[in-house]
Structures are given as structure tokens and as C-alpha cells.
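Engineer:
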Amino acid sequence: MDVSDILDNYSVIALDGHDGTGKTTLSNRLAAVLSAEYVKPFTGNAGELMLLSAESGENEFAQKLAEKLICNAFSTVRNSRVVMDRSYLTVLSLLPDSNQSEWLFRPRTILCHADYESIEKRLSSRTSEELFPRDYHVKYLSLYQSLAEEFDVPVLRTDRFGEDECIEQLLVLCDELSV
19 MDVSDILDNY SVIALDGHDG TGKTTLSNRL AAVLSAEYVK PFTGNAGELM
69 LLSAESGENE FAQKLAEKLI CNAFSTVRNS RVVMDRSYLT VLSLLPDSNQ
119 SEWLFRPRTI LCHADYESIE KRLSSRTSEE LFPRDYHVKY LSLYQSLAEE
169 FDVPVLRTDR FGEDECIEQL LVLCDELSV
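Numbers given in my numbering equal positions in the sequence shown, counted from 1, plus 18.
1. Could you tell me which whole beta strand (DSSP E) segments of length 3 or greater appear in the stretch 29-71?
2. On the DSSP bridge list, what partners appear for LEU129?
3. If we count the other Cβ atoms within 10 Å of its Cβ and call it buried at 16 or more, is MET19 buried or exposed?
4. Per DSSP, VAL101 forms a beta bridge with which residues?
5. Just mark VAL171 as buried or exposed, buried being the case when its beta carbon has 16 or more other beta carbons within 10 Å.
6. First and last residue of the alpha helix (DSSP H) that includes THR108?
7. Taking the CB atoms as reference points, tell me whether ALA132 and ASP177 lie closer together than 7 Å.
8. Classify ARG96 as helix, strand or coil using the three-state DSSP reduction.
9. Measure the C-alpha to C-alpha separation of LYS139 and PRO114 and round it to an integer number of angstroms.
10. So, helix, strand or coil for ARG21, using DSSP?
11. Straight-line CA distance for GLU183 to LEU129?
12. Take LEU112 as the anchor and find which of LEU70, ARG152, ARG124, TYR134 has the nearest alpha-carbon.
13. Go through its chain and collect everything with a Cβ distance to ARG124's Cβ below 6 Å, but skip five positions before and after it.
14. Whole angstroms is fine: what's the gap from TYR162's alpha carbon to GLU186's?
15. Taking 8 Å as the cut-off, does the stretch 52-59 touch the stretch 90-99 (at least 3 CB pairs, one atom from each stretch)?
16. Go ahead and pull the three-state DSSP assignment for GLU120.
17. Could you check the C-alpha separation between ALA64 and ALA80 for me, to the nearest Å?
18. Under the three-state reduction of DSSP, which class applies to GLU78: helix, strand or coil?
19. Measure the C-alpha to C-alpha separation of ASN46 and ASP34 and round it to an integer number of angstroms.
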């Protein structure tokens, strides 16, 4: 299977966004509510390698690795409905503008977004993650917002609603996106 086959064979909705915006919590809950399968392709060491490769200018490698990670995540999927935890906005946030047009895997996506203070609070409770400086987070929050505008991706402000309200709003957005 390659990434071009995935959207032909599965009904996919992706929740994307910066660290600490609620993607993982909401993706898991949304998958349960929709009776869908949950996948998180960019997790662990391979996801970190994708990030480090892009940051060091190895864009082609980062892009090919992202494709492989997505294919691997879908290789065990048995449900026709899938909720992805991170997707193309994450990949595009790592690539220079000149490489973005080459990334064609673009499932229906909703951006989870929050202000810096909210993500700082959420991230500070995680003991397994390195905390990056404020400028790093502000840069990526802005970048994700810009990408959502550019690609007409709906935005869910997870800092303004509780978890249950976010799920209700996600269900409305999924309906609007025909998921």
C-alpha cells in the first residue's frame, strides 16, 4: 500500500495541531464515538527522526519517512473509518514552502488550536517530554494557524471548551466534512 491508496480505501478524519492542543485525547475519544480506528503515525523514535531530519534540511528523507510511517500505521487498520492523530499539517509545518506542493496526502483535517498559556500548562504536566522555549511554541502555533487558513482547514479552539464540548463540536465538523 502507498499513501495514494489510503484515501481511496478508508474514510479518514485527521486531528492535527501543535503539541499540547488536545489532539491525542480528542482523537482517541472521537474514534470511540465514531466507532473508528485510531492511528498515530508519527509517534516514537521514527516521528522524532522525521522532525530532526526536516530541521537539518533533509526534507526529501523527512517526506519519504512521513509517507512510510503513514503506510505502516494503516497497514494494520481493519476498520473503514479512521481517526488520525496528526496528518499533513504536521508534515507541511516541517517542510519549506518549496517542498509543500509535493505532499499530496491530505485527508479531511481539523486543526486543534490553543493559546500559548494553555499549551504550556498542558505540556508542563507531561514528564516524558522535553519542554521547548516559548518562541518555539509560538512559532509553531502561528505556523499551524497559517496552514489551516491556507488549506481551508476548520479550527477547533480547544482552550475555549471542555473536552465534552470539543467532542460535540468535532462531531458537527465531521458531519460538515462528510466523514
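By construction, the Cβ of each residue, glycine as well, lies at the ideal position given by its N, Cα and C atoms.
All values reported here derive from a predicted model rather than from experimental measurement.
Structural biologist: In this structure, then:
1. 29-34, 55-57
2. Translated into positions along the sequence shown, residue 129 becomes position 111. LEU129 pairs with ASP34, VAL173.
3. For the purposes of this step, residue 19 is taken as the residue at position 1 of the sequence shown. MET19 is exposed by the Cβ-count criterion.
4. Walking along the sequence shown from the start, residue 101 turns up at place 83. Paired residues: ILE31, TYR56.
5. Counting from one through the sequence shown, the residue named residue 171 turns up at place 153. Buried.
6. Taking the sequence shown and counting its residues from 1, one reaches residue 108 at position 90. Per DSSP, THR108 belongs to the alpha helix (DSSP H) from 106-112.
7. Counting from 1 along the sequence shown, the entry for residue 132 is found at position 114. Counting from 1 along the sequence shown, the entry for residue 177 is found at position 159. Yes; because the gap between Cβ atoms is below 7 Å, this pair is in contact.
8. By 1-based counting over the sequence shown, the position of residue 96 is 78. In this structure, ARG96 counts as coil in the three-state DSSP scheme.
9. Numbered from 1 along the sequence shown, position 121 holds the residue referred to as residue 139. Numbered from 1 along the sequence shown, position 96 holds the residue referred to as residue 114. For LYS139 and PRO114, the distance between alpha carbons rounds to 30 Å.
10. Counting from 1 along the sequence shown, the entry for residue 21 is found at position 3. Just to set this straight, residue 21 is Val in the shown sequence, not Arg. In the structure shown, VAL21 sits in a helix (DSSP, three-state: H, G or I).
11. To locate residue 183, count along the sequence shown from 1; it is residue 165. To locate residue 129, count along the sequence shown from 1; it is residue 111. If you take the alpha carbons of GLU183 and LEU129, they lie about 15 Å apart.
12. For the purposes of this step, residue 112 is taken as residue 94 along the sequence shown, with counting starting at 1. Taking only the C-alpha atoms, the option nearest LEU112 is LEU70.
13. If you number the sequence shown from 1, residue 124 lands on position 106. Here the set comprises TYR106.
14. Mapped onto the sequence shown, residue 162 falls at position 144. Mapped onto the sequence shown, residue 186 falls at position 168. Their Cα atoms are separated by approximately 22 Å.
15. yes
16. Within the sequence shown, the letter at position 102 stands for residue 120. Reduced to three states, the DSSP call for GLU120 is coil.
17. For this step, residue 64 is matched to residue 46 along the sequence shown. For this step, residue 80 is matched to residue 62 along the sequence shown. Computed Cα separation, rounded: 10 Å.
18. Counting from 1 along the sequence shown, the entry for residue 78 is found at position 60. Reduced to three states, the DSSP call for GLU78 is helix.
19. Along the sequence shown, read from residue 1 onward, the residue named residue 46 stands at position 28. Along the sequence shown, read from residue 1 onward, the residue named residue 34 stands at position 16. Answer to the nearest angstrom: the Cα atoms are 13 Å apart.
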